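Novice: Chains as they are written, first to last, in numbering that gives the first Met the number 0: chain A, 0 to 161; chain B, 0 to 257; chain C, 0 to 105. Note that the Cβ used here is the ideal one computed from N, Cα and C, for glycine as well. Because the structure is a prediction, the values reported are computed rather than measured. Please see the structure below; I have some questions.
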Amino acid sequence: MSLPISRSLKADTSGLTRRGLLAAGAGTVFVSAFPFPAGAAPEDMKAAIRKAFGKGELRDGRVSINTPPIAENGYSVPITVRVESPMSEGDHVREIGLFSPRNPVAHIAHYYLGPRAGRAEIATRIRMAGTQDVMAVAKMNDGTLWSAARETVVTLAACVVL
Amino acid sequence: MRRLGALALLALSACGPDMAKGETGFETPQSGSAFLKPDTRALQSDDFANPGFLWVDRGEALFARASEGGPACASCHDGGEHTLEGVAARYPAIDDQTGELFNLERRINACRSRHQGEPPLEHESEALLSLTAYVAHLSRGVAIDVETGGAARPYYEAGREYFFTRRGQFNLSCHHCHDRNWGQSLRGDTISQGHPNGFPAYRLEWESFGSLHRRLRDCDTGVRAAPYPAGSDTYVALELYLAARANGLAMESPGVRR
Amino acid sequence: MASIRLSVPDTAAKGEVIEIKALIRHPMESGFRRDSRGETIPRDIITRFECEYDGQTVFAADFHPSVSANPFLTFYTTATVSGTLTFRWTDQTGRTWSESAEIRVT
């Protein structure tokens, strides 16, 4: 933890008593710094992907994800997913799924496209329960599954509700 | 626990002699948006994706709609003599009829009762937030320019008093954080100079839109002090001090904040 | 009052890929949060979004609780004919809202 104010390093030990006192009164209140409460356990992401896309093999490639490397907080992280595809009648993306390894519901969202999209790209904003590698899976019209993952560091929001 | 540690240390650091009252700790005011990460700043400046515009849009619709008891806001304030462009940058201001200090919310409610025969809207209600968002947005880019003399003086003094008074379990004043420690980071957050120019604003942590007073409640709660109700006299006076402290800073509402 | 902001070009050339943006006003209450008394705040989310154009659903999305409040979406479609794009969104209880935009294709 970086100490916010250097002068504080010179504080004498009376600070410890004080800190204990403050901590004691702190159990009660406050909105979480993250969009989901700490108690909400993450779901199994692999199972969620299987549920959405079936048993096919997940290949690396064709999918790219863009998120800020460091997000200000986990409430609203911008994300763009792009899939390499001509988006023709014969060769196009049918579905894109977004998945989280750390959120209480692993399946974030699912998008249905067709050749008329012209461009296999979506952008949205999502909640993140902390730093994680969000995954995107694309299903082509030939049934193949392609995927990518990208890490986003979610910095803690301010102390308590500040 | 660790986050409490950070605040406790901040509390200790604030044990030095208080700075002379009236000193703001900065030469020119810097907007809170300057202390955001680029993505959040980009969201604020995107006039489509900035979620605050959902409230501005609704405010615009309410503004144009005739009320049951009287004419629509727009029928009196559609340009001309009573245009509301730039008006929000002069608020809070003294109401000539009563001699009292009105912030924008109070002014809008006064128009409802005086000119529309409608009851006041609750502070923080969706309707009042939306109307305030719309009116504030009409001053985007306009420099804050509030009057602190004359009848406004006692309110200004009361607001300043509040700003410099230590409170809560952490025994910190607004001044300790926003004058003496702006630019410092507090557990991943960066303390700004605490200006009101982005409000009402969309706060990511609220996942919603809120007034300046809601933000002040968060700051008071953060030092474990009992917050005042949104719309209270105490916060309206504090709002005047904050605006005066930010005089010259461009209005940004609808701001986007962490 | 549910509402939406839409960005759809007024005009486009036939065959041009156009960008569509939507910002929907909705709390997307996840169902995981608790209020000050410790009671779970019930889930209240939009679950489905669709865009219909030229007789076809050209884009659809399923939303789950990890979609941010006031959902934002960008997607693309090919301009085919002049006409109406209809946007429809539905919450978990089946309540549906819709809004439309006109496009002129040259």
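Contact criterion: CB-CB distance below 7 Å. Does residue 50 of chain B meet it with respect to chain C?
Specialist: True, the Cβ-Cβ gap to chain C drops below 7 Å.
Novice: Kindly list the residues whose CB is nearer than 7 Å to the CB of residue 60 of chain A, restricted to its own chain and excluding five residues on each side of it in sequence; keep chain order.
Specialist: For residue 60 of chain A, where only same-chain residues beyond five positions count, the Cβ hits under 7 Å are 145.
Novice: Report the residues of the region 120-137 of chain A with a CB closer than 9 Å to any CB of chain C, ordered along the chain.
Specialist: Answer in chain order: 120, 121, 122, 123, 124, 125, 126, 127, 128.
Novice: Roughly how many angstroms separate the alpha carbons of residue 164 of chain A and residue 17 of chain C, rounded to a whole number?
Specialist: Outside the displayed range of chain A (0 to 161) lies residue 164 of chain A, so it cannot be described from this structure.
Novice: Would you decide whether residue 13 of chain C is buried or exposed? Buried here means 16 or more other CB atoms lie within 10 Å of its CB.
Specialist: With fewer than 16 Cβ atoms within 10 Å of its Cβ, residue 13 of chain C is classed as exposed.
Novice: Who are the neighbours of residue 35 of chain B on chain A, taking C-beta pairs under 7 Å?
Specialist: In chain order: 71.
Novice: Would you list the residues sitting across from residue 49 of chain C in a DSSP beta bridge?
Specialist: Looking at the DSSP assignment, residue 49 of chain C forms a beta bridge with C/59, C/87.
Novice: Would you identify the three-state DSSP class for residue 124 of chain A, choosing helix, strand or coil?
Specialist: Residue 124 of chain A: strand per DSSP, three-state reduction.
Novice: Along chain B, which residues have their Cβ under 7 Å away from the Cβ of residue 75 of chain A?
Specialist: Those are 203, listed as they occur along chain B.
Novice: With 16 other CB atoms within 10 Å as the buried threshold, where does residue 272 of chain B fall?
Specialist: This structure cannot speak to residue 272 of chain B, because chain B is shown only from 0 to 257.
Novice: Please confirm if residue 123 of chain B has its CB atom under 7 Å from at least one CB of chain C.
Specialist: Output row for residue 123 of chain B: interface = no.
Novice: I'd like the span of the beta strand (DSSP E) that includes residue 43 of chain B, first residue to last.
Specialist: Element bounds for residue 43 of chain B: not the beta strand (DSSP E) but the alpha helix (DSSP H), 37-44.
Novice: So if DSSP puts residue 131 of chain A in a beta bridge, which residue, or which two residues, is it bridged to?
Specialist: According to DSSP, residue 131 of chain A bridges with A/151.
Novice: I think residue 133 of chain A touches residue 116 of chain A, with their Cβ atoms under 8 Å apart; what is that distance to the nearest whole Å?
Specialist: The Cβ separation is near 22 Å, so there is no contact.
Novice: Compute every distance between the C-beta of residue 213 of chain B and the non-hydrogen atoms of the ligand SAH, then say whether any falls below 6 Å.
Specialist: You won't find the ligand SAH in this model; it holds no ligand whatsoever.
Novice: Please report the residue range of the beta strand (DSSP E) in which residue 63 of chain A lies.
Specialist: Where residue 63 of chain A is concerned, the enclosing beta strand (DSSP E) stretches over 62-65.
Novice: Identify which residue in C/11, C/10, C/15, C/26 has its Cα closest to the Cα of residue 115 of chain C.
Specialist: Shown here, chain C extends from 0 to 105; a query on residue 115 of chain C therefore has no answer.
Novice: Here's the rule I'm using: 16 or more other beta-carbon atoms within 10 Å means buried, otherwise exposed. How should residue 167 of chain A be labelled?
Specialist: Residue 167 of chain A cannot be examined here, being either before or after the span of chain A that is shown, 0 to 161.
Novice: In terms of alpha-carbon separation, which member of C/76, C/86, C/82 lies closest to residue 102 of chain C?
Specialist: The shortest Cα separation from residue 102 of chain C among C/76, C/86, C/82 belongs to C/82.
Novice: Once DSSP output is grouped into helix, strand and coil, what is the label at residue 9 of chain C?
Specialist: Looking at residue 9 of chain C - three-state DSSP - the assignment turns out to be coil, as it is neither helix nor strand.
Novice: Shorter than 7 Å from the beta carbon of residue 206 of chain B to some beta carbon of chain A?
Specialist: Closer than 7 Å to some Cβ of chain A, the Cβ of residue 206 of chain B qualifies, so yes.
Novice: With distance defined between alpha-carbon atoms, name the residue in A/52, A/34, A/114 nearest to residue 98 of chain A.
Specialist: Selected option, being the one with the closest Cα: A/52.
Novice: Taking the beta carbon of residue 49 of chain B as the centre, do at least 16 other beta carbons fall within 10 Å, making it buried, or is it exposed?
Specialist: It counts as buried.
Novice: What in chain A is Cβ-close to residue 164 of chain B, meaning under 9 Å?
Specialist: In chain order: nothing, as chain A lies at least about 18 Å away.
Novice: So with Cβ pairs under 7 Å, would you call residue 48 of chain C a contact of chain A?
Specialist: It does not: the Cβ of residue 48 of chain C has no partner Cβ on chain A nearer than 7 Å.
Novice: Can you list, in chain order, the residues of its chain with a C-beta nearer than 6 Å to that of residue 99 of chain C? Leave out the 5 residues immediately preceding and following it.
Specialist: The residues are 83, 85.
Novice: For residue 245 of chain B, does the count of other Cβ atoms within 10 angstroms reach 16, so buried, or fall short, so exposed?
Specialist: Classification for residue 245 of chain B: buried.
Novice: Shorter than 7 Å from the beta carbon of residue 51 of chain A to some beta carbon of chain C?
Specialist: Not closer than 7 Å to any Cβ of chain C, the Cβ of residue 51 of chain A fails to qualify, so no.
Novice: Any Cβ of chain B within less than 7 Å of the Cβ of residue 6 of chain C?
Specialist: Chain B, which has a Cβ nearer than 7 Å to the Cβ of residue 6 of chain C, makes this yes.
Novice: Where residue 223 of chain B and residue 167 of chain B are concerned, what is the direct C-alpha to C-alpha distance, given to the nearest angstrom?
Specialist: Taking the straight line joining both Cα atoms gives about 5 Å.
Novice: Listed from N- to C-terminal order along the chain, which residues in the region 56-75 of chain B have their beta-carbon within a distance smaller than 7 Å of any beta-carbon of chain C?
Specialist: Within the region 56-75 of chain B, the qualifying residues are 56, 57.
Novice: Here's a check: name, in chain order, each residue in its chain whose Cβ is nearer than 7 Å to the Cβ of residue 204 of chain B, leaving out the five neighbours to either side.
Specialist: Excluding sequence neighbours, residue 204 of chain B sits near 257.
Novice: Distance, Cα to Cα, residue 75 of chain A vs residue 47 of chain B?
Specialist: C-alpha separation (whole angstroms): 16 Å.
Novice: Reducing DSSP to helix, strand and coil, say where residue 96 of chain C ends up.
Specialist: Of the three classes helix, strand and coil, the one that applies to residue 96 of chain C here is strand, per DSSP.
Novice: Just to make sure I have the definition right: I need the residues of chain C whose C-beta is within less than 8 Å of the C-beta of residue 100 of chain B. Which are they?
Specialist: In chain order: nothing, as chain C lies at least about 31 Å away.
Novice: At least one CB of chain B closer than 7 Å to the CB of residue 71 of chain C: is that the case?
Specialist: Closer than 7 Å to some Cβ of chain B, the Cβ of residue 71 of chain C qualifies, so yes.
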